[in-house]
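S.K.: Below is the structure I would like to discuss, written out as structure tokens.
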Amino acid sequence: MNLQRMKQAVKRMADAGIPQMLVCDPASIFYLTGEWFSPGERLLVLLLSCEQGPQLFINTLFPVRDDLGVEVIRYADTDDPVRLIAERLNPDKATGIDKKWPSRFLLRLMEVMGGAGRYSNSSFILDSMRMVKDEQEITLMREAAVSNDQAMAALVKLLPAMHTEKQLGQLLLSIYEELGTSGFSFAPNISYGANGANPHHKIDNSQVKSGDSIVIDIGCRKRDYCSDMTRTFFFRSVTPRAKMVYETVLSANQRAISMVRPNVRFSDIDAAARDYITGKGFGAYFTHRTGHCIGLDVHDWGDVSAANSEYVRPGMIFSIEPGIYLPGELGVRIEDLVLVTEDGCELLTHYKKELTIIE
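In structure tokens:
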């Protein structure tokens, strides 16, 4: 158990008027306990309380270390785990629920507690803690980003062989394994030509053709933490229009990164990229937020968007990934990870960004 994080979480609960909270997000449970659990459809809950120590409710199917540092309440498949939780809750006080708790368990808890229960979405307690990385987390994020840089370099060397998108994705997994990672932090997005106009294209058997843009959005998980990076290349040739699109996205990426420092709003960073792309006439084709936070999840809570007016703080790590997507033609996205420092930011991704034509 990470005692310091556990104490901080309970203090934040007390400050927010949340006397007890049910945490079921496996990443948040790992963040507090140092142990991953994959419960599948079974209930997994860490009960945090301002009045008593932490309690982990877990099915007997899953082993738990004796030195985890929390009280462990086990249940069998024939038990009613929600009732076991209800017996440990104070019925006279409100209960915080995190956003990952399945509704079927919440409905059952409401049924068991009757009219006594009052509930609130309290995910912000742990989300806000996970948003600001400590020194150990920063070290691990740097390591994951280095491995991702190396994987991108290895993958690009394979492009002249004209593998399909799907074949490249399969080769990437082998590359990650050779680099000592735990594999993908998300399903890779490798998009040739017009496929790149769909930011969430699912890799298929498309073959690359001369003049195609090649969008490669990849990430690995290493020592529990995630990496994420996107680069766009061109195969054998690039048209003047495609070159203009690329240079527009690259400038937007650089302008947004130059804005990253403490006490700047996320929305202002988004505007730096979005306003530039709009000014170049492609605003309608930049169809997503500029970035997302990252850590134990590839999409941690928090984003770089017009809707997020929070201020950037030292220790935050998030992506900067503007893009332009022209239907039936091409897509261009350039994504970096930045770490907010005391007076600016540190770039975690270092693979080159100048326009590259693959021969």
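Everything in the sequence shown is counted per full-length UniProt numbering, starting at 1 for the first residue and increasing by one. We put the beta carbon where it would ideally sit given N, CA and C, even for glycine. Remember, predicted model here, so these are calculated numbers, not experimental data.
(1) Pop quiz: L32 and L44 are said to be a contact at Cβ under 8 Å. What is the actual Cβ separation, rounded to whole angstroms?
(2) Report back the beta-carbon spacing between S227 and A153 to the nearest angstrom; my notes put them in contact at under 8 Å.
(3) Does S122 come out as helix, strand or coil in the three-state DSSP assignment?
(4) Residue 418 to Y192, Cα distance in whole Å?
(5) For F235 and A16, I'd like the C-alpha separation in whole angstroms.
(6) What's the gap between the Cα of residue 361 and the Cα of D275?
(7) May I ask you to list the residues that DSSP assigns as paired with S191?
(8) Here's the rule I'm using: 16 or more other beta-carbon atoms within 10 Å means buried, otherwise exposed. How should W36 be labelled?
(9) In terms of residues, what are the limits of the alpha helix (DSSP H) holding T78?
(10) Secondary structure at residue 371, three-state DSSP: helix, strand or coil?
(11) Using the Cα positions of I277 and Y119, report the straight-line distance between them to the nearest angstrom.
(12) For the pair the segment 182–202 and the segment 319–332, tell me if three or more CB-CB distances fall below 8 Å.
(13) Tell me which same chain residues have a C-beta within less than 7 Å of the C-beta of E359, skipping the five on either side of it?
(14) With 7 Å as the threshold, decide whether the Cβ of G315 is near any Cβ in chain C.
(15) Mark H350 as exposed unless 16 or more other C-beta atoms lie within 10 angstroms of its C-beta, in which case mark it buried.
(16) Taking only the alpha-carbon atoms, compute the straight-line gap between K280 and M141 and give it to the nearest angstrom.
(17) Of the choices F286, K157, I175, whose alpha-carbon is the least far from that of R221?
(18) Leaving aside the five residues before and after I294 along the sequence, list all residues of the same chain whose C-beta is less than 7 Å from its C-beta, in chain order.
(19) Am I right that L155 and I216 are in contact with their C-beta atoms under 8 Å? What's the rounded C-beta distance?
(20) Are the segment 92–103 and the segment 263–270 touching by the rule of at least three beta carbon pairs closer than 8 Å?
(21) What are the uninterrupted segments assigned as beta strand (DSSP E) that are 3 or more residues long and contained completely in the segment 18–57, given in chain order?
(22) Taking C-alpha atoms, which residue in A252, K353, Q150, P91 lies nearest to T181?
(23) State the Cα-Cα distance for the pair I18 and A187, rounded to the nearest angstrom.
(24) Mapping DSSP to helix, strand and coil, what is R265?
(25) Would you grab the beta carbon distance between L50 and V112 for me? Rounded to a whole angstrom, and I think it's under 8 Å.
(26) Between the Cα of V70 and those of T341, E346, G53, spot the shortest distance and give me the residue it belongs to.
(27) Using a Cβ-Cβ cutoff of less than 8 Å, which residues in the same chain neighbour S147 once the five nearest sequence positions on both sides are dropped?
(28) Can you list, in chain order, the residues of its chain whose CB lies under 6 Å from that of D25, leaving out five sequence neighbours each side?
(29) Nearest by alpha-carbon distance to I334: which of H292, S128, G291, N253 is it?
(30) Let me make sure I understand the geometry here. Which of Y311, V304, S128, I257 has the alpha-carbon closest to that of R265?
(31) Taking S213 and T232 to be in contact with their CB atoms under 8 Å, please state how far apart those CB atoms are, rounded to whole angstroms.
(32) Which term fits L61, buried or exposed, when burial requires 16 or more other beta carbons within 10 angstroms of its beta carbon?
(33) Return yes when the Cβ of Q170 is within less than 7 Å of the Cβ of T95, no when it is not.
(34) Can you look up F286 in the DSSP assignment and give me helix, strand or coil?
(35) Going by the CB atoms, is the gap between P314 and P262 shorter than 7 Å?
(36) Assuming V249 contacts P322 (C-beta within less than 8 Å), just tell me the rounded distance between them.
M.R.: Result, derived from the coordinates:
(1) Not quite, the Cβ-Cβ distance comes to about 13 Å (not below 8 Å), so this is no contact.
(2) No, S227 and A153 are not in contact; Cβ-Cβ is about 14 Å, not under 8 Å.
(3) coil
(4) Because residue 418 is not part of the residues shown, which for the chain are 1 to 359, the question remains open.
(5) 54 Å
(6) Because the chain in this structure spans residues 1 to 359, residue 361 falls outside the shown range and cannot be described.
(7) V215
(8) exposed
(9) Counting along the chain, T78 falls outside any alpha helix (DSSP H), and DSSP gives it neither H nor E.
(10) The chain is shown only over 1 to 359; residue 371 falls outside these bounds and no answer can be derived.
(11) 43 Å
(12) yes
(13) P160, R236
(14) Absent here is chain C; the protein component of the structure consists of one chain.
(15) exposed
(16) 34 Å
(17) I175
(18) C226, D228, D300, I317, F318, S319, L337
(19) 7 Å
(20) no
(21) 20–23, 45–49
(22) Q150
(23) 37 Å
(24) strand
(25) Before going further, note that residue 50 is Cys rather than Leu in the sequence given. Contact flag wrong, Cβ pair sits at about 22 Å.
(26) G53
(27) Y176, L179, G180, T181, C220, K222, S227
(28) D98, K100
(29) N253
(30) Y311
(31) 6 Å
(32) exposed
(33) no
(34) coil
(35) yes
(36) 6 Å
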